[in-house]
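Structure first, then comments.
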Amino acid sequence: MMAPPRDVQTLPIGADTLTLRCRSWQRLRFEMEYALERGTTANSYLIQGEKIALIDPPGETFADLFLTELSRHVALTRIDYVILGHINPNRVATLAQLWQKAPQITFVCSNPGDQTLRSLIAQHAPELTAAHPLHTHIIRGEEPLELGQGHVLELIPIPTPRFPNGLATFDPHTGILFSGKLFSAHRCSDQVFDEGWAALQEDYQYYFDCIHAPQVRQVEQVLERLGRWKSTCYANGHGSLVRYHLPELTRSYHLWCERQSGCDLTVALLYASAYGNTATLAQAIGRGLTKAGVRVESLNCETASPEEIRQAISTAQGVILGSPTLGGHAPTQIQTALGIVLDHAPRTVVIGVFGSYGWSGEAVDLLANRLRDAGFRLGFAPIRVKFTPTDRDLQQCEQTGTDFAQALRQKQRRQVARPTDSQAARTEQAMGRVVGPLCILAARRGELTSAMLASWVSQATFNPPGVTVAVAKDRAVESLLHVGDRFVLNILPEGSPLPRHFLKPFAPGEDRFAGVATTLSADGCPILNDALSYLHCQVGQRMECGDHWLIYATVDEGKVLNATGITAVHHRKSGNHY
């Protein structure tokens, strides 16, 4: 029986505490963290003491479903507080409906959250501001909020560049930490808690890599702050609540932060975002940088101080600026950041510029021209995206971030002479004698198609028939090779010109199959007509191995296209490069 596309699942999770999980079994949005397309949940929470608090109502997509379900458990006019872990334009429609039905509500939020909430309400529901006073309780530091019946909530500001109005809530009575965007994952299921952890780990790590890896300094500070409370459950904003594997996920967050902080190259990613679109582009660029082994110092210029911007620039080998266009110009905060870059960044720093716009988009060109005139070198062509970014836009941004990181890495190699080590050299020569077939791995998900030349390929199992492929973390196709994804492994014959075609540099988002004769599999993966044979595969497992992912895939079908050809083999002299 097919699950409904959207519904609300309501269950008790502690004393006087309900979760209302608005579920979508289909992908809702274009942001990178949704790219695995496993659906999502928007988790809200209701605590009913002598006073009643609602935590994190969902976005507009679920507004009607949510309010109907909420009304089954409490009269809306009895709700005293709505605690906002974060605020964005998508959520304001639900808040406006709730406020209209229950004008007595006090919204509890951080100081930046209060400013954002008032601005969005005035913009999207001006008639309500005229009819009702907006009651807010601003949290400027760690503060208690007493609900009665033992529930004295601890409210904890947890700002990050992506969520400058972040606010966590801890209930000592139940041990539940309402963590919002921390410890989340986009996966929809009937499973409320985290049983079967092995099947969930990839989703939590992917969410971290997309959302938090570009802001690890701030995430480390948040983890230290939240570590003072002894939580028994992470009631997160998305996915299964974390109760049974809370220590494992906490350790993983620290490990992922340490790994990112230990990178030897840093890029300062500075942006402002009027409607969230530029922030989405920044997220995709940051994802491309971090997957290529570069540390990202992400700063939202709307909340970052000039000193924080100067500090980020001082340790960076690259600086990328992102701006919306407001009234034909960049907002004041970005103009301030630009001035700091012009005054303090050495001209050897590599620069990038991107942004979103609604009608004109002059801000990106203005920034790029100012930087060029000042003697900076742009590491990529300025990116301008109109309105909401598409999947293809985000793929281009991710690949741009990866290319930018690779250019920094090449520059570093030219500047640092490699020390001579005879034993290391002998080991590299011996590793180079490990050979594999030359293949073109081609993958597709939705409208996104990518490919790479692969030689670290081996048969892994007889039953079921399976192969392993090692994929470098900075490959564009890597993001299309998660558990459940399908791809075609095109095995090449000796003398084929195809390796030369797929070895050439491609611009971000460029069609890698232009000019190559292909036939599409049933799911749209390209089969090369001039291949020796092909295998149609499905990813079964992924294992993180240093600078590569080891992909194990089962083979659904295969076919020999050239019965007389001989498999092309990649012979190397050294084991430190392909």
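Per the UniProt record's numbering, the very first residue in the sequence shown carries number 1; after that it's consecutive. Where a beta carbon is used, it is the ideal one built from N, C-alpha and C, also for glycine.
DSSP state of C188, grouped into three classes?
coil
By the 10 Å Cβ neighbour count, where 16 or more other Cβ atoms means buried, how is P58 classified, buried or exposed?
buried
Is H238 near S184, with beta carbons less than 7 Å apart?
yes
Does DSSP classify D403 as helix, strand or coil?
helix
Nearest to E143 by CA position, among H137, L134, H135 and E154, is which residue?
E154
Quick one, are the C-beta atoms of L367 and V353 less than 7 Å apart?
yes
Other residues of its chain near N88: CB distance less than 7 Å, five sequence neighbours each side excluded:
G276
Taking the CB atoms as reference points, tell me whether C545 and L489 lie closer together than 7 Å.
no
How many Å lie between G262 and L255 at the Cα?
11 Å
Go ahead and label P389 buried or exposed: buried means 16 or more other beta carbons lie within 10 angstroms of its beta carbon, across all protein chains shown.
buried
Between A42 and G14, what straight-line distance do the alpha-carbon atoms span, to the nearest angstrom?
19 Å
Can you say whether I176 is buried or exposed, counting buried as having 16 or more other CB atoms within 10 angstroms of its CB?
buried
Please state whether DSSP places D511 in a helix, a strand or coil.
coil
Spatial neighbours of R91 in its chain, beta-carbon cut-off 6 Å, leaving aside the 5 residues before and after
G59
For G375, collect the residues of the same chain with a Cβ closer than 8 Å to its Cβ; drop the 5 residues on either side in sequence, then sort them by chain order.
R347
How would you call S422, buried or exposed, if buried means at least 16 neighbouring beta carbons within 10 angstroms?
exposed
What are the start and end residues of each continuous beta strand (DSSP E) run of 3 or more residues lying completely inside the region 106-193, in chain order?
106-110, 135-139, 143-148, 151-157, 167-171 and 176-180
DSSP puts T19 in a beta bridge; with which residues?
L11 and Y45
Buried or exposed for S479, going by 16 or more other Cβ atoms inside 10 Å?
buried
Would you please verify whether the beta carbon of T564 is less than 7 Å from any beta carbon of chain D?
Here there is only one protein chain, and chain D is not present.
List the whole-angstrom C-beta distance separating I313 from A268, where the pair is believed to meet the contact cut-off of C-beta under 8 Å.
5 Å
Out of D393, N576, I285 and T68, state which residue places its alpha-carbon closest to the alpha-carbon of A430.
N576
Whose C-beta lies closer than 8 Å to the C-beta of K559 among residues of the same chain, with five residues either side of it excluded?
S533 and Y534
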